[in-house]
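Trainee:
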Amino acid sequence: MGLVLAALLLLAAGPPAGPMLGFGPLSAARERVNEGLFLDLPSAQGALDHLDTLGARPHYDGTRADRAIAEYARDRLAEYGFDARIEPFQTEVQTPYKLVLELYADGQVYRPRDGFHKAHGTPGIGLDLRESGDPRDPATLDPAVGLPFNAGSGDGNLNAPLVYANRGLPGDFAALRGARVDVRGAVVLIRYGAAYRGQLAHNAQDAGAAGVVFYNDPADDGYARGATIPAGPWRPTQSVQRGSLGPGIHIPVLPTSADNARILLRALHGAAGPAGWAGALDAPYPVGKGPAVVHLQVIMNHRTATLWNTVGVLHGTLPTESVVVGAHRDAWVYGVGDNGAGTSTLLETARGLGYLARSGWRPRRTIVVALWDGEEIGLRGSSAYALAHAAELRRGCVAYVNADENVTGPTFGTAAVGALAPAIVDATRAVSDPARDVSTLHDRWSAQPHGIDVRTVGGGSDHEAFLFGFGTPVAEIGFNGPFGPYHSSYDTVLYASTFSDPGLVLHRTAAQLFGIVAMRLADADAVPYSFAAYVPVLQSGFVQLQERAQRDGRTLDLSALRGAIDRFAAAARRTDDGLVYGAGPGTERALMVAQTIDGLAYGADGYASLSFPQLAKAYATSDATAFAAALDDTRASLDRATAALNGVPATPG
0 MGLVLAALLL LAAGPPAGPM LGFGPLSAAR ERVNEGLFLD LPSAQGALDH LDTLGARPHY
60 DGTRADRAIA EYARDRLAEY GFDARIEPFQ TEVQTPYKLV LELYADGQVY RPRDGFHKAH
120 GTPGIGLDLR ESGDPRDPAT LDPAVGLPFN AGSGDGNLNA PLVYANRGLP GDFAALRGAR
180 VDVRGAVVLI RYGAAYRGQL AHNAQDAGAA GVVFYNDPAD DGYARGATIP AGPWRPTQSV
240 QRGSLGPGIH IPVLPTSADN ARILLRALHG AAGPAGWAGA LDAPYPVGKG PAVVHLQVIM
300 NHRTATLWNT VGVLHGTLPT ESVVVGAHRD AWVYGVGDNG AGTSTLLETA RGLGYLARSG
360 WRPRRTIVVA LWDGEEIGLR GSSAYALAHA AELRRGCVAY VNADENVTGP TFGTAAVGAL
420 APAIVDATRA VSDPARDVST LHDRWSAQPH GIDVRTVGGG SDHEAFLFGF GTPVAEIGFN
480 GPFGPYHSSY DTVLYASTFS DPGLVLHRTA AQLFGIVAMR LADADAVPYS FAAYVPVLQS
540 GFVQLQERAQ RDGRTLDLSA LRGAIDRFAA AARRTDDGLV YGAGPGTERA LMVAQTIDGL
600 AYGADGYASL SFPQLAKAYA TSDATAFAAA LDDTRASLDR ATAALNGVPA TPG
């Protein structure tokens, strides 16, 4: 009653603030009162306290340290008033048994029964696979850090010539073929960064390579970009990026440092590579095979392990409708930026929401805070949760908002499906810019070089299970910047508090914004989707498909698809006009429309976004009948979504 009275007094005090998507005037006033109370609650000190615990020890998936952090998060959520629990699940976890990388630069011979024998010349060099630490950051020197590896690597023990394959893209392997360099049976050295590492490993495997060695070139995230750790935020040459490869890799794959890559490159002969092949190392970047030979051995332990999702629930008055905010809390080593930042952000958000709930506020829709395990080895935790809760998520989850690497620098950004983009943009007006108390986060965003730019959602994080599994509208929110220690032992509390976010003020701001977004999605009278915001996404996908066909010299009749998009656009504009007054099509119909459009418009190719994935897949087959069927299905789905916005009962399609 006190909050209602405060809202009435606010209305009586003067002209109301501008409309709030999905809220009527009175509920918008009440929401602003609640938001004002919430914004004072998350703190930088609270975020630091969480990070000190989250980043105290390496906590790779399935370890005792991983379990301890799951319990810490559960205990904090329970303390804040959430219905908190741990949801265990079983999955395969890999750890290295034996990793070897040796260079034989002068005609060595390998005999499987008794090892290497010098044929003549230079003896073999055993490369140090450890990540040497920094004495100024004792965490990097902890023996528990272990050897870097790629989860999902195949096992192998081989002696093979070495080939530099630049960034491992299909065009790079084509360039090698054009230069008559045969990578079949070779170990290829690949620079990280051009695409998801698993796709690069697949490219090498498909080209016939017998193994892969990955490294980070200083041209991409090291000294060529600026000062390196400990003097600056960029990656030192002794650092190694770990990472998962996903399924389907059968050859041995190993990450190593730029220091080791320099040694390997110097042992290669051949002509200079095409433009763009050279990095920043003091070494040649040749197109050629050998004469260097490497001994690559990767033997992995495979075990079925228990992992632990931590889930906190703040029950709403509409028990079948929910908003999920999530972050993964597993890490390759300490994982303070990836993803202690996201975990600490959401714990501070939960602390504020819990305080409001104890003071009398109750959300309309249930708010779920989910802290995932197993993200780093293939999005295992969020996928397990989606499988276990499929019916309730499909029926009533109106949004999933993700916090992954969400504080690595000062530049604000977000990626979202069209339906959520306007609500998130508007929420940034409610949060102060920590650099200038008199301005808002929206002002900060507007002043950045690209202005207010909501990116298209791609793949590579825990939103995938929601978006691609159910069509749930999703968003990612965060502050970005140089992040040299990505997936390395240098991603520590000292790094985060020195370079990513001195004073942890952006962690506080992120917690505030996640809370505002969650509250608005949960409290709105009508789910605050902007259906008209889908229209540019659909139109862009249409144009991309049209232009691709023109480049390929193919004739496509896309008039039916264009008409369906136009009909949806008209209905979406009419629906959005009512949302600013809190009127809408009802959660069931709104969710049906959003799930339909999300399923049609959004896909992923590794980390990248993919428009009209069903049509793109059918187009790639060059099967005219299959493409026509996919086109008709897409048109029919769009028309069903349009009918739902117009209030027409759904009919089978």
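Read in order, the letters of the sequence shown are residues 0 to 652 in numbering that gives the first Met the number 0. Ideal Cβ positions, reconstructed from N, Cα and C, are used throughout, including at glycine. Every value quoted in this text rests on a predicted model; they were computed, and no experiment measured them.
1. Since Val397 contacts Val526 with CB under 8 Å, what's their CB separation in whole angstroms?
2. Go through its chain and collect everything with a Cβ distance to Arg66's Cβ below 7 Å, but skip five positions before and after it.
3. Who are the near neighbours of Leu644 in its chain, counting only those whose CB is closer than 8 Å to its CB and skipping five residues on each side?
4. When you compare each of Thr497, Ser152, Gly502, Gly132 to Ala143 by their alpha carbons, which one comes out closest?
5. DSSP beta-bridge partners for Glu587?
6. Here's a check: name, in chain order, each residue in its chain whose Cβ is nearer than 6 Å to the Cβ of Gly470, leaving out the five neighbours to either side.
7. Figure out for me which residue from Gly278, Tyr284, Val406, Ala77 has the closest Cα to the Cα of Ala271.
8. Going by the CB atoms, is the gap between Gly278 and Pro217 shorter than 8 Å?
9. Buried or exposed for Asp113, please, with buried defined as at least 16 other CB atoms from any protein chain shown within 10 angstroms of its CB.
10. Who are the Cβ neighbours of Leu89 in its own chain at under 8 Å, not counting the five residues just before and after it?
11. Evaluate contact between the segment 170-183 and the segment 217-226, counting only Cβ atoms and requiring at least three cross-stretch pairs below 8 Å.
12. Alpha helix (DSSP H) containing Met19: first to last residue?
13. Apart from the five residues just before and just after Gly231, which ones in its own chain have a Cβ nearer than 6 Å to its Cβ?
14. Can you check DSSP and say which residues form a bridge with Trp371?
15. Which residue marks the beginning of the beta strand (DSSP E) containing Gln89, and which one marks its end?
16. Let me check one thing: in DSSP terms, what residues is Ser610 bridge-paired to?
17. For a minimum of 4 consecutive residues, which ranges assigned as the alpha helix (DSSP H) are wholly contained in the segment 132-209?
18. Which residue from Ala414, Arg261, Leu493 puts its Cα closest to that of Arg135?
19. Compute the Euclidean distance between the alpha carbons of Glu374 and Asp329, then round it to the nearest angstrom.
20. Going by Cα to Cα distance, which pick from Ala415, Glu320, Val367, Leu419 is closest to Arg394?
21. In terms of DSSP beta bridges, what is Trp307 paired with?
22. If you follow the beta strand (DSSP E) that Asn401 is part of, which residue opens it and which one closes it?
23. How would you label Ile250, buried or exposed, when you count the other beta carbons within 10 angstroms and need 16 or more for buried?
24. Specify, as a first and last residue, the run of the alpha helix (DSSP H) that Ala422 falls within.
25. If you draw a straight line from the C-alpha of Gln545 to the C-alpha of Leu557, how long is it?
26. Are Leu653 and Gly289 touching if we call contact CB-CB under 8 Å?
27. Using a Cβ-Cβ cutoff of less than 6 Å, which residues in the same chain neighbour Leu40 once the five nearest sequence positions on both sides are dropped?
28. Starting from the C-beta of Thr491, find all residues in its chain whose C-beta is less than 8 Å away, skip the five residues before and the five after it, and write them out in chain order.
29. Of all the options Glu130, Ala43, Ala178, Trp360, which has the alpha carbon lying nearest to the alpha carbon of Ser488?
30. Indicate whether Tyr214 and Tyr191 have their beta-carbon atoms separated by less than 8 Å.
31. Assign Tyr96 to one of two classes, buried (16 or more other C-beta atoms within 10 Å of its C-beta) or exposed (fewer than that).
32. Whole angstroms is fine: what's the gap from Ile423's alpha carbon to Phe81's?
33. Could you check the C-alpha separation between Val324 and Asn202 for me, to the nearest Å?
34. How many Å lie between Arg427 and Met518 at the Cα?
35. Between Leu244, Ala223, Gly457, which has its C-alpha nearest Arg234's C-alpha?
Mentor: With the structure as the only source:
1. Along the sequence shown, one-based indexing puts residue 397 at 398. Along the sequence shown, one-based indexing puts residue 526 at 527. Rounded, the Cβ-Cβ distance is 5 Å, consistent with contact.
2. Indexing the sequence shown from 1 puts residue 66 at position 67. Around Arg66, the same chain offers Trp307 as residues with beta carbons nearer than 7 Å, after the five sequence neighbours per side are excluded.
3. As a first step, residue 644 is located in the sequence shown; it is residue number 645 there, counting from the start. Here the set comprises Phe530, Phe567, Ala570, Ala571, Arg573, Thr574, Pro584, Arg588, Val592.
4. Here residue 143 is taken as the residue at index 144 of the sequence shown, counted from 1. Out of Thr497, Ser152, Gly502, Gly132, the CA that lies nearest to the CA of Ala143 is found in Gly132.
5. By one-based count along the sequence shown, residue 587 stands at place 588. Partner residues in a beta bridge of Glu587, as assigned by DSSP, do not exist.
6. Residue 470 sits at position 471 when you count from the first residue of the sequence shown. Within the same chain, Gly470 has close Cβ partners Gln594, Asp597, Gly598.
7. As a first step, residue 271 must be located in the sequence shown, where it is residue number 272. Measuring from the Cα of Ala271, the nearest candidate turns out to be Tyr284.
8. What you label residue 217 is simply residue 218 of the sequence shown in a count that begins at 1. What you label residue 278 is simply residue 279 of the sequence shown in a count that begins at 1. Yes, the Cβ-Cβ distance between Pro217 and Gly278 is below 8 Å.
9. Mapped onto the sequence shown, residue 113 falls at position 114. Residue placement at Asp113 is flagged as unreliable, the pLDDT there being 41, under the threshold of 50; a coordinate-derived value is accordingly withheld.
10. Your numbering for residue 89 matches position 90 in the sequence shown. Sequence inspection shows Gln at residue 89; the Leu mentioned does not correspond to that position. Cβ neighbours of Gln89 within its own chain (closer than 8 Å, five residues either side excluded): Thr303, Ala304, Thr305, Leu306.
11. Cβ pair count under 8 Å is below three, so no.
12. Here residue 19 is taken as the residue at index 20 of the sequence shown, counted from 1. First-last for Met19: undefined, no H or E at that position.
13. Along the sequence shown, read from residue 1 onward, the residue named residue 231 stands at position 232. Within the same chain, Gly231 has close Cβ partners Gly225.
14. Counted from its first residue, the sequence shown places residue 371 at position 372. In DSSP, Trp371 forms a bridge with His327.
15. In the sequence shown, residue 89 corresponds to position 90, counting from 1. Element bounds for Gln89: 82-103.
16. The count along the sequence shown starts at 1 and reaches residue 610 at position 611. Bridge partners of Ser610 according to DSSP: Tyr601.
17. Those alpha helix (DSSP H) runs which fall completely within the segment 132-209 and span 4+ residues are 169-177, 196-205.
18. For the purposes of this step, residue 135 is taken as the residue at position 136 of the sequence shown. In this structure, Leu493 is the residue among Ala414, Arg261, Leu493 with its C-alpha nearest to the C-alpha of Arg135.
19. Counting from 1 along the sequence shown, the entry for residue 374 is found at position 375. Counting from 1 along the sequence shown, the entry for residue 329 is found at position 330. Distance between the alpha carbons of Glu374 and Asp329 is about 7 Å.
20. Locating residue 394 in the sequence shown gives position 395, where the first residue counts as 1. With distances taken between CA atoms, Arg394 lies nearest to Glu320 out of Ala415, Glu320, Val367, Leu419.
21. Residue mapping note: residue 307 aligns to position 308 of the sequence shown, counting from 1. Note: Trp307 is bridge-paired with Pro87 in the DSSP secondary-structure output.
22. Walking along the sequence shown from the start, residue 401 turns up at place 402. It spans 396-401 - the beta strand (DSSP E) in which Asn401 sits, taken as one unbroken run.
23. Counting from one through the sequence shown, the residue named residue 250 turns up at place 251. Ile250 sits buried, since 16 or more C-beta atoms from the chains shown fall within 10 Å of its C-beta.
24. As a first step, residue 422 must be located in the sequence shown, where it is residue number 423. In the DSSP annotation of this structure, the continuous segment of the alpha helix (DSSP H) that includes Ala422 starts and ends at 420-426.
25. As a first step, residue 545 is located in the sequence shown; it is residue number 546 there, counting from the start. As a first step, residue 557 is located in the sequence shown; it is residue number 558 there, counting from the start. Distance between the alpha carbons of Gln545 and Leu557 is about 8 Å.
26. Because residue 653 is not part of the residues shown, which for the chain are 0 to 652, the question remains open.
27. Here residue 40 corresponds to residue number 41 of the sequence shown, with the count starting at 1. Excluding sequence neighbours, Leu40 sits near Gly351, Tyr354.
28. The residue you call residue 491 lines up with position 492 of the sequence shown. Sequence-distant Cβ neighbours of Thr491 in its own chain, meaning closer than 8 Å and more than five residues away, are Gly54, Asp136, Ala138, Thr139, Tyr333, Val335, Pro484.
29. One-based indexing of the sequence shown puts residue 488 at position 489. Checking every option, the nearest Cα to that of Ser488 belongs to Glu130.
30. Counting from one through the sequence shown, the residue named residue 214 turns up at place 215. Counting from one through the sequence shown, the residue named residue 191 turns up at place 192. For Tyr214 and Tyr191, yes; Cβs fall inside 8 Å.
31. The residue you call residue 96 lines up with position 97 of the sequence shown. Around the beta-carbon of Tyr96, fewer than 16 other beta-carbon atoms lie within 10 Å, marking it exposed.
32. Numbered from 1 along the sequence shown, position 424 holds the residue referred to as residue 423. Numbered from 1 along the sequence shown, position 82 holds the residue referred to as residue 81. Near 24 Å, if we compare the C-alpha coordinates of Phe81 and Ile423.
33. If you number the sequence shown from 1, residue 324 lands on position 325. If you number the sequence shown from 1, residue 202 lands on position 203. Distance from the CA of Val324 to the CA of Asn202, rounded to the nearest whole angstrom, comes to 35 Å.
34. Reading the sequence shown from its first residue, position 428 is the one you call residue 427. Reading the sequence shown from its first residue, position 519 is the one you call residue 518. Residue 427 is actually Thr in this sequence, not Arg. Each residue's Cα considered, the two are about 13 Å apart.
35. Numbered from 1 along the sequence shown, position 235 holds the residue referred to as residue 234. Closest option to Arg234, Cα to Cα, is Ala223.
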